[in-house]
Each structure stands twice: as structure tokens, then as C-alpha cells.
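**Student:** Quick one: this structure, given as C-alpha cells, is what I'll be asking you about.
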Amino acid sequence: MKLLRETKVYGFNSTCTGVYVGYMGIDVVKVDLKNGNLISVEKYPYLKYDEKSAILNVIKGQTEGRISIVLPELTYFLRKKNTRVLLILMPGPCLRPPLGLAEKCIVLSGYIDPRGEILEDVDLTHLKDMVSEGDIDGIAIVSKFSIRRPKLERDVMKYVSQLGMKNIVMSFRLPYFNYIRRSATTIVSAKIRPFLLEFLKGMRKDELRRLFLMRGNGGAVPADIVLEMPAMLLGAEVSSLTMGIRGVMENVTGTMINIGRHSINIVSMKEGKVNYVPFHFHGIPTFAYMPEHRKVPISMNCKVAVSGDTVKVLQEEETPAVFGGNMLTVLDAVVYYLDLNIGDRRRMKNVINAYAKSRGMNPKDLAEEVLEYVVRLVRKELISMGKKGPLIAGGALSGHLVRVLAKDLGLQYVIPKHHEYINAIGAAISSLSLEVGVYVNTYDSRAIFIPSGRILKLDKTDIGIDDVFNMAEGELKSIARYYGVEEFIKNIRIVYLNKCSLIKENLPQGYMITCIIRAEPDIMVRING
Amino acid sequence: MVKVALIYDKRYLDYEHEATHPERRERLAYTMEFLMEEGMLDSEHVDLVKPKSATEDDLLRVHKSDYIRLLKDLDKIGGFIDYDTPFPEGLLKIILLAAGGAITAGELVMKRLYKRAFALIRPPGHHAKSYIGAGFCYVNNMAIMVEYLREKYNVRRVAILDWDAHFGDGTYEIYSQDPNVIYISIHQDPTTLYPGCGFIHEIGEGDARGTKICIPVPPGTGDKEYLLIFERIVRPIVKWFKPELIAVSAGVDCHFSDPITHLGVTAQGYGKLMQKTVDLAKDTCEGRVVVILEGGYSVEAGLPYTILAIIAALAELDISYIREPESVIKRYGWKRKDNMSEVIKIVEEVRSLLSKYIDAF
């Protein structure tokens, strides 16, 4: 990753393409951010395209402007795929370190103190054996105070790279104090990074440079920056929904229901705002924030099982018959029941007829029971959330679900305009969200920039808090400029600012100043029409 | 799981005497960054609590009205209490916030919202007497907290353990005639350190004789000796006294890296002392412990590690991994000495003297 203060500027192109990788296909919307006009809407159903080729097709078809993608639920990937991670910790003097967070863990010597001085060097002696055992797929490297000096993490990174490891994440990319939370976030990142690497494979550098991914916090981030800490993408499906709703409705209050690719998501919104909460990993909060939401862990791709008179939806996914599969899924039942014109209807009818016949049922009744099963689960969640209306539909089929549920619970409902591709709209109109940390030590005459880890030799020592804030803001803007999205920064918030004197041998030697800022996520524009 | 209330406010960093004054803002700023990085402030074991501000009435329970008037005057124009204790303009609000921090800690524990509370405050307080401040202290945070709890919560018997390297002459003076407050101070030999008092024979006055215990230790004294003193003197006295609350004046300047004292306690030693205090509190007062930060001036090498150890021990967490960085041990480790035989003599002398007044041994 290069985060340079470059002057090469792509220039602001007001067109932004939002892409949502959904369960029926890929939604693509193009928005003019100057006026909120929806330029085009396209859907790439999975019957005609596989996921990867559809996305590549979109990217190659958009020769200018930003492309912002909502990846499929990474929490699902995290749950289902067992990426085995080795956590390499350099905690120094501490409480009991979090050894049980990853599949394997090793504590190395090596300690960086709060002022960024290396007080104990790293000893790599035992690392080779641990890495060479071949039972790990990724490495998370965490040293305490690495955001003040990433050197130890980089030394370890260099060493394990030489041993042939490719999937490596270093914690200093997160400009936050709390090495326990950094550890959890870094491990999660190492677990989902193979998915992201696979996704980005085959893309050219210039394509990558225009490619943004939706974060769980509602902002968009350049793909090659988030590749260093992919945990930030967790919850993007839900955050794109909330940003999309904000883009089409003003100050909305209600409960949004969105049928996601791997689950049905329910989110409360009050006056256009949602509550963001950290994703927890093994009980430890990470730095990956996402809208607070409930999940019903079934999706349109879930398999239907019929035993005697009982219809059940299993938490097991299959390709729906409408998209070429052989098993009956929730989507097939929905398409049949609502008589929707989606995919290979003939194949779907054959499958549902065969299921119904073997159980002595009418296919319509079978489809209705599947729907009722789904409705029951969602209704239960809504009741436990206090039945807060109106219900708001987000996503292609959620309109149907919301109508049934609203009637059932006696609530009002809203089907917003463009709800069929609301996530793609959310991705298109989201502003840049990126954290930058700068740590200045005037005694050492150096400044460290996070997440790049760039070290700048300072030529003056009379540096104050305002100067360091300006450095952080400059860094943030230069990153945005490099990716051609300086105009996509809406608000910059100071997350942390502190200045301490450095005293040595009872003499003042200078200052250490830390400034952490964040480009806050927001919508760039409301959608017209 | 035991939860600790950590009382802290950013405004404690809002004043500075000179950059090189030992009692400087970095004591807390640096420590808080260390605790943040350690994950303590997000931990399920610690709640960060904002202090309330003490009122003039709170101060008047302990301090003379003439002295309060002096503080108010100094607040307008700035000045000095003594050479070591400058008074920058506008300091009074921070003094009240520090005293309020101590009150908040005590109140949370007496309300049974927390079993343990740590007031991470500055300026410190244990040298402040009823009529004057001294030694970086302006008002006596500990006494203000104790008197508040006595009035509002009807607390009658309090045991104050003072671990600061310096004798808490202010707290001693305030309670010297009060038999319902036990004050036990372990400090560096006063012939070698400020304030120059706190000798074994200083045991309180009148009815309170035997309830003020001074245990001066020679320079270089470290963990083993402190733990012995705890077992041989502190534990029996507190058990005999049966307090309703144990309050600790936790100076962390006994750490071997402290630049203005000469003792040899480690971060691990502080943790063990606090573990013993917690055990003692469980035996005597339902586990209630309130800790108030006093001194401690080793900003980089001592405070972060000792305060982490104290909080961890209060929360009953594993402290076995807590240590100083190797470079700190290399640089300052020489200050630690084996004073065991000398300390045993001091312990016996203290026990023998106190036996005349209290029935603790």
C-alpha cells in the first residue's frame, strides 16, 4: 500500500457507481453526486453471470468516476470459513495477554513504550518453527504502541514474509489505542482477507484505484487501503442499507427490513440516525463498527426441508433452482408464490412440483408455508424489539415481506422509492471514511503517519497541537486526492488529541503530540425523483 | 467479577507549574495513554467515572476558613503556598475537582455501586494540613472524602493506609486526635526525605494514641520488606480495628525509578500490596476499598506500570505478567537494597510501642 503525498490528481468526477452483491444478482446504480440524479440502474442476475465476472464487467465498463461496492456479508464468511490465524503478540509489561483469540498464538519479547521508544528488542528465534508447521492460513501481528512506532510489527512482517506467508495483517494500520481491540480486529482481518484478495484478483492497478468498498460504519474506503485491515468492511450490507434509506427519505424513523444475502437484517432508525456498535470477536469489541441490528439467520438461498406436514427452512445454503440449482430454496418458494419473473422459472417450477408431489402437497401451499415460516421468525424479532413502526422495506423482495408483516402486526409500512436497489444507492452516495493518526516526537524530530506507517523526519522542533492537526488533515486529504476523492470528505472529526512534555534528566526535551482524526461517514447527496 | 470505578477527568491535565516540576500533567496523561493501550479503559472490569466537584462546605469540614480564603485569593492572582507548591491562577477549580474525585470514589463505594474505586486525581493531598497546604498538596483529598462519608453516610471507623514514600503529615495532623480513624503510613526514613517527620514515636494524641502508626523504612527498601510490614503490622491492626472502609493514600513514589525518592518497590510489589489490602478488606469491611492517588513522579518508568498493577489488583485480575521494562530495571535497579534485617527491627519496635495502646498483636 502506498499512501503518498502525491500531486497526481484524477480530478473530481461527480459520477459514482454503487454496486451491491446481492442474493439474486448484482445491482448497479450510477448517481450524479452534483444533483442526486439517478443516471442508470442495472441488474446482473446470477443466472447469466457469475458473481466475479459480473463485478469485473461493471468495473471494466466504468471508465471514470468512483465505483463503490458492497461486498457480500463478511460476517458470514467469518463464521463459515475457517481461516486459521496465528497471532504474534509483543505486549511487553502487561496484564495476561489475549492468548485465546486466534487458533495459535505466540508471545514474543519486544516492547515499545508510550513515547514510541523501543525498550526491548524483538526476538524471532521461536517464530520460524511456529510458522513452518503449515497449519495456519494467516498471521496477525500486534505490538503494543505500534501506532507510535510500527517498527517491531514490520520486522516480524518482513521475517514471516520471507518464510513464505502471504496473508499478513499488522495492527498499526488502525490508529487507535488499545492493543487488545487491535488484536481482535487484526485477527478478524487476517481471517477475511483471503476472501478480499480473491475478490480483487484480476483487477488492474488503475481499476483498483477507482474501486471503493463500503465499510460497516457507513462510509466508503479505497480498496487497497482496506486490504490492510479488511475487518472494517464487516456490516457493510447493513450500513449500505441505512445510507441508501437516508438517500431516498429524509429524517426517517422506523424499522428497516432488508433481505440480505445470508440473513434478514432488521435495523432501527430514528430521525435518519442509527446506532453504531462495534463487532465483537470472542467477546472482545473490535474497531469495526456497524449499525446496531438484529439478524434472522436465514436467507433466500436457504434450503427448504419438508418432513411429513412440517416445513422448515434450514440454515444451509444452496443455489436456488431459479438460478440453476436442484434443491428447493426460500427464493424459489417466494418466486413461485408471488409469481415473480426472475431467473429460470421452469426449472424452479419443476423442483417445487417435485418436492410438493413427494410430500402429497399442493405446490402453492408448500410455498405459502415456507413464506409463513420466514415471516414467523422475523415477526418474533420485531416483537422482541418492541414492534416499532413503520416498517421500511429495503431490498428487492423485502417489500413483499414488509407488507405481510405490517398487516400481521398492525403497523404501518413504507416502501421507499428505489427500494429494490437501496444498498447500491447507499454505496454510491456514501462519503469517504478513513482514519488518520499522526504522532510527533519533537525530541526525535520525527512524525509517524498511520495507517501508512510513513515516517517523516522533521526539520523543526517548535511544533504545536495545531501543526499536528494540520499534518493529519493534510495526510487525509492527500490520500483522498491520490484516489481522486478529495471532494468525498464531508466532515473531519478529532478522535484523539494530546500533548505531553518529554523530560529527560530533569530537562525538557520537547513534546510528544498525538492527533487522530476521522473523515466521518455521511451521505453526499439525496436522490432525486 | 469485580468492577472498579476509575475516577478521572481530562481537566486534571489543565494546569502545569513548570515542565520539569515533578507534579506535572504528564503523570496522568502518560498513564492514561498506557491504560488505554492496555485496554483497561474499555475493559469489563473498569468503569471510567467522571468526578463531581467538591464544594466549599466539603473543604470546610477539614480546612480552616482562613485557609480557604487564602486559596480563593490565590486563585485570582496566582502565587505560592510554598516553594514546591506554586498556585497558578485559576487552580482552585481543579483542586475542587480532585477533592471531588476522592468524594466520588468514596460515595460510589459506600452506595455499594462498586466495591472498589480508584481516584486517579491530581493535585495530591496528603501533605495538606487543616490550616495550610504543602509539598504539592493544596487540600487534603483523603480527609475531605472521609469527612464527607462520615457526615453523609454515617461512616464511623475508617482505616487509612498511606503508601506514599513521603509521610502524610497533613493527614496525620488532621486525625492525630481522632481515635476512630486509624492512619498507618509506611514511608522513607524522614531523616532522608521530606517532610522530615513521621518517626516511630508519632502515634497520635490523647485518646487517639496508638491509632496513628508511622513505619519509616530505610532507602532501598523493596517488595519483600513492604509485604512483611503489611503482614506483621497492617493486617493485625486493621483486623483489630474493624473499619467500615479501607482507604488507601496510594503514592506510587516508592517505585525504584522514582526521581525524588529512594525506595525499591516494583510494580509487581504494588500489585501484591493491593491484593493484600483487598483480602484484608474482605475480612474486615465487606471488601470495600477506596484508593486515592497521592505522589509518584516517575512518569515514564514507574507510574504506568504501578497504576496498572493497582487497578488490576483491585479488580482481582491476574497480575503475574506485570513488570517494568528491562531497560528500567537495568537503569534504576541498583536502587533496590536488601533491608530485611533492619526492617524486622523497625517492625518489632513499632509493635512493641503500639502494644501499650492497642490490643492488635
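From first to last, the protein sequence lines stand for chains V and A. When we follow our numbering, the leftmost residue of the first sequence carries the number 1, and every step to the right adds one. When we follow our numbering, the leftmost residue of the second sequence carries the number 1001, and every step to the right adds one. Glycine included, each C-beta is placed from N, C-alpha and C at the ideal position.
#1: When the distance is taken between beta carbons, is asparagine 301 of chain V closer than 9 Å to threonine 255 of chain V?
#2: What is the residue span of the alpha helix (DSSP H) that glutamine 1275 of chain A lies within?
#3: For the putative contact between serine 109 of chain V and aspartate 123 of chain V, defined by C-beta atoms under 8 Å, what is the C-beta separation to the nearest angstrom?
#4: Report yes if the C-beta distance between valine 296 of chain V and valine 374 of chain V is below 9 Å; otherwise report no.
#5: State the CB to CB distance for the pair alanine 321 of chain V and alanine 367 of chain V, rounded to an integer number of angstroms; the pair is presumed to be in contact (CB under 8 Å).
#6: Skipping 5 residues on each side, what residues in its chain have a beta carbon closer than 8 Å to that of phenylalanine 279 of chain V?
#7: For the structure I just gave you, are there three or more beta carbon pairs, one from the segment 1226-1244 of chain A and one from the segment 1190-1205 of chain A, closer than 8 Å?
#8: My parser needs the alpha helix (DSSP H) runs of 4 or more residues fully inside the segment 388-414 of chain V; what are they?
#9: Going by DSSP in three states, leucine 1193 of chain A sits in which element: helix, strand or coil?
#10: Please go through the same chain and pick out, in chain order, the residues whose beta-carbon is closer than 7 Å to the beta-carbon of isoleucine 59 of chain V, but skip the five residues on each side of it.
#11: Would you say phenylalanine 1034 of chain A faces chain V, with C-beta separation under 9 Å as the test?
#12: Quick check on proline 91 of chain V - is its C-beta less than 9 Å from some C-beta in chain A?
#13: By Cβ distance below 6 Å, which residues in the same chain neighbour leucine 1149 of chain A in space, the five residues on each side in sequence not counted?
#14: Determine the direct distance from the alpha carbon of methionine 1145 of chain A to that of lysine 1076 of chain A, and round the result to whole angstroms.
#15: Just tell me which of A:Glu1324, A:Pro1195, A:Tyr1131 has its CA closest to the CA of glycine 92 of chain V.
#16: Taking the alpha-carbon positions, what's the valine 1290 of chain A to lysine 1003 of chain A distance?
#17: Residue range of the alpha helix (DSSP H) that serine 384 of chain V falls in?
#18: Taking the beta carbon of lysine 34 of chain V as the centre, do at least 16 other beta carbons fall within 10 Å, making it buried, or is it exposed?
#19: Since asparagine 57 of chain V is in the alpha helix (DSSP H), which residue starts that stretch and which ends it?
#20: Quick check: what's the CA-CA separation for asparagine 1180 of chain A versus alanine 1159 of chain A?
#21: Residues of the segment 272-303 of chain V with a CB closer than 8 Å to any CB of chain A: list them in chain order, please.
#22: Is there at least one Cβ from chain A nearer than 9 Å to tyrosine 443 of chain V's Cβ?
#23: Cβ of proline 114 of chain V less than 9 Å from any chain A Cβ?
#24: Let me check understanding here. Comparing Cα to Cα, which of A:Val1278, A:Thr1306, A:Val1299 lies closest to threonine 1266 of chain A?
#25: I need the DSSP call for phenylalanine 172 of chain V, collapsed to helix, strand or coil.
#26: Look at the alpha carbon of lysine 1129 of chain A and the alpha carbon of lysine 388 of chain V, and state the distance between them as a whole number of angstroms.
#27: Taking the beta strand (DSSP E) that tyrosine 1015 of chain A falls in, what are its first and last residues?
#28: Using three-state DSSP, classify glycine 25 of chain V as helix, strand or coil.
#29: CB asparagine 265 of chain V to CB asparagine 275 of chain V, shorter than 9 Å?
#30: Could you check what DSSP says for tyrosine 1175 of chain A in three-state terms: helix, strand or coil?
#31: How about tyrosine 443 of chain V and tyrosine 511 of chain V: do their beta carbons lie closer than 9 Å?
#32: Does the Cβ of arginine 1116 of chain A have 16 or more other Cβ atoms within 10 Å, making it buried, or fewer, making it exposed?
#33: Distance, Cα to Cα, alanine 54 of chain V vs isoleucine 69 of chain V?
#34: Are any of the Cβ atoms in chain A nearer than 9 Å to that of lysine 8 of chain V?
#35: Pick from V:Tyr176, V:Lys166, V:Asn178: whose alpha carbon is nearest that of alanine 190 of chain V?
#36: Below 8 Å on the Cβ atoms is my contact criterion, and I expect glycine 1222 of chain A with arginine 1336 of chain A to pass it. Report the Cβ-Cβ distance as a whole number of Å.
**Tutor:** For this structure:
#1: no
#2: 1267-1284
#3: 5 Å
#4: yes
#5: That belief does not hold up - the Cβ atoms of alanine 321 of chain V and alanine 367 of chain V are roughly 12 Å apart, past 8 Å.
#6: Listed in chain order, the non-local C-beta contacts of phenylalanine 279 of chain V below 8 Å within the same chain comprise Thr75, Val188, Gly216, Ala231, Leu234, Gly235, Pro285, Thr286, Ala288, Tyr289, Met290, local neighbours out to five positions each way being set aside.
#7: Too few Cβ pairs lie closer than 8 Å, so no.
#8: 398-409
#9: coil
#10: Ile67, Met203, Glu207, Leu211
#11: yes
#12: yes
#13: For leucine 1149 of chain A, where only same-chain residues beyond five positions count, the Cβ hits under 6 Å are Gly1106, Met1110, Val1155.
#14: 26 Å
#15: Nearest C-alpha to glycine 92 of chain V: A:Glu1324.
#16: Valine 1290 of chain A and lysine 1003 of chain A: Cα-Cα distance of roughly 13 Å.
#17: 363-384
#18: exposed
#19: Per DSSP, asparagine 57 of chain V belongs to the alpha helix (DSSP H) from 51-61.
#20: 8 Å
#21: Pro285
#22: Not an interface residue.
#23: Closer than 9 Å to some Cβ of chain A, the Cβ of proline 114 of chain V qualifies, so yes.
#24: A:Thr1306
#25: In this structure, phenylalanine 172 of chain V counts as helix in the three-state DSSP scheme.
#26: Between lysine 1129 of chain A and lysine 388 of chain V, the C-alpha separation is close to 60 Å.
#27: Segment: none, tyrosine 1015 of chain A is in no beta strand (DSSP E) and carries neither H nor E.
#28: The answer is strand: DSSP assigns glycine 25 of chain V an E or B state.
#29: Note that the C-beta distance between asparagine 265 of chain V and asparagine 275 of chain V is not below 9 Å.
#30: helix
#31: yes
#32: buried
#33: 12 Å
#34: Because the pLDDT of lysine 8 of chain V is 35, which lies under 50, any placement of that residue in the model is unreliable, and the number read from its coordinates should be weighed accordingly. False, the Cβ-Cβ gap to chain A never drops below 9 Å.
#35: V:Lys166
#36: 5 Å
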